[in-house]
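S.K.:
Chains as they are written, first to last, in my numbering: chain Y, 701 to 812; chain U, 17 to 129.
1. Could you give the uninterrupted runs of the beta strand (DSSP E) lying entirely in the segment 40-97 of chain U, keeping only those of 3 residues or more?
2. State the beta-bridge partners of residue 705/Y as determined by DSSP.
3. For residue 104/U, list the residues DSSP reports as bridge partners.
4. Sort out for me which residues DSSP pairs residue 793/Y with in a bridge.
5. Beta carbon of residue 719/Y, beta carbon of residue 759/Y: below 9 Å?
6. Taking residue 731/Y as part of the beta strand (DSSP E), name the residues at either end of that continuous run.
7. So with CB distances below 7 Å, who are the chain U contacts of residue 732/Y?
8. Have a look at residue 108/U and residue 807/Y and give me their C-alpha separation to the nearest angstrom.
9. Would you call residue 94/U buried or exposed, if buried means 16 or more other Cβ atoms sit within 10 Å of its Cβ?
10. Residue 114/U and residue 743/Y: beta carbons closer than 9 Å?
11. Are there 16 or more other CB atoms within 10 angstroms of the CB of residue 737/Y, so buried, or fewer, so exposed?
12. Can you name, in chain order, every residue of its own chain whose Cβ lies under 6 Å from the Cβ of residue 125/U, other than the five neighbours on each side?
13. When you compare each of 707/Y, 735/Y, 749/Y, 805/Y to residue 787/Y by their alpha carbons, which one comes out closest?
14. Who does residue 777/Y pair with in a DSSP beta bridge?
15. Would a C-beta distance cut-off of 9 Å place residue 38/U and residue 117/U closer than the cut-off?
16. Going by the beta-carbon positions, is the gap between residue 67/U and residue 47/U smaller than 9 Å?
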């Protein structure tokens, strides 16, 4: 099936620094790219998403960029806080129009 | 309003037994998805229901897995003759028709001994 690659698998930053997580996808038909945050033992929560007609989207400290030509998209978190510590998953929609292909996740640790 | 709910939250079973996992989607959401999350892995799509249409079962890993959705609301994922490799967190999500955003339940953590 089509793949979504996500890097890095783990990321440790100091509070106040920025964190960047990168994903690549292979299905050129993908048009929707959500990012989910999953705290330990909890459900994945959508934090931001982007559609293919937009190159960048920002929501307070979180931003996502998309390069459709290169088939990659990135999550940027600025001024990180300890409560940002979680596993982050990127995803891309498939040619089915509904199922999502997920990356394997990035475990982000923000140390005070 | 209430989010997606799943039960049980944890299930321990013996190899070879059958298990049933339940998902109650957000009211009004006609699309329902099941995913499997193995340790250290991303979410793997299993099955999709949309209204009264035939479900997309393309992600089910074997014929031991089946799912149904009664009355267009609650869904049950059944795993027959469980194997140790079935141990994972099974997540359910729902969405409004035509909307891409999927809302996830808390998952059922399945352990097959």
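In this text, a Cβ means the ideal position worked out from N, Cα and C, and glycines have one as well.
Quick caveat: nothing in here was measured; it's all calculated off a predicted structure.
M.R.: In short, the structure shows the following:
1. Counting only runs of 3+ residues, the beta strand (DSSP E) found wholly inside the segment 40-97 of chain U occupies 47-53, 59-66, 81-85, 91-95, in chain order.
2. Working through the first chain from its first residue, we reach residue 705/Y at position 5. Assignment of beta-bridge partners to residue 705/Y by DSSP yields 724/Y.
3. Locating residue 104/U in the second chain gives position 88, where the first residue counts as 1. The partner list for residue 104/U (beta bridge, DSSP) reads 126/U.
4. Residue numbering aside, residue 793/Y sits at position 93 when the first chain is read from its first letter. 800/Y.
5. Working through the first chain from its first residue, we reach residue 719/Y at position 19. Working through the first chain from its first residue, we reach residue 759/Y at position 59. Contact annotation: residue 719/Y and residue 759/Y have beta-carbon atoms that are not nearer than 9 Å.
6. Within the first chain, numbered from 1, the residue matching residue 731/Y stands at position 31. Where residue 731/Y is concerned, there is no enclosing beta strand (DSSP E), given that its DSSP letter is neither H nor E.
7. Locating residue 732/Y in the first chain gives position 32, counting from the first residue. At a beta-carbon threshold of 7 Å, the residues of chain U lying near residue 732/Y are 116, ordered along the chain.
8. For the purposes of this step, residue 108/U is taken as the residue at position 92 of the second chain. For the purposes of this step, residue 807/Y is taken as the residue at position 107 of the first chain. Distance between the alpha carbons of residue 108/U and residue 807/Y: 22 Å.
9. Taking the second chain and counting its residues from 1, one reaches residue 94/U at position 78. Label assigned to residue 94/U: exposed.
10. Here residue 114/U is taken as the residue at index 98 of the second chain, counted from 1. Here residue 743/Y is taken as the residue at index 43 of the first chain, counted from 1. No, the pair does not count as a contact, with Cβ atoms beyond the cut-off.
11. Taking the first residue of the first chain as position 1, residue 737/Y is located at position 37. Answer is buried; the Cβ neighbour count reaches 16.
12. Against the second chain, residue 125/U aligns to sequence position 109. In its chain, beyond the 5 residues on either side, 26, 105 have a beta carbon closer than 6 Å to the beta carbon of residue 125/U.
13. If you number the first chain from 1, residue 787/Y lands on position 87. For the residues 707/Y, 735/Y, 749/Y, 805/Y, the minimum Cα distance to residue 787/Y belongs to 805/Y.
14. Looking up residue 777/Y in the first chain gives position 77. 719/Y, 762/Y, per the DSSP bridge assignment.
15. The residue you call residue 38/U lines up with position 22 of the second chain. The residue you call residue 117/U lines up with position 101 of the second chain. It is not a contact, given that the beta carbons lie outside the stated cut-off.
16. Within the second chain, numbered from 1, the residue matching residue 67/U stands at position 51. Within the second chain, numbered from 1, the residue matching residue 47/U stands at position 31. Between residue 67/U and residue 47/U, the CB-CB gap stays under 9 Å.
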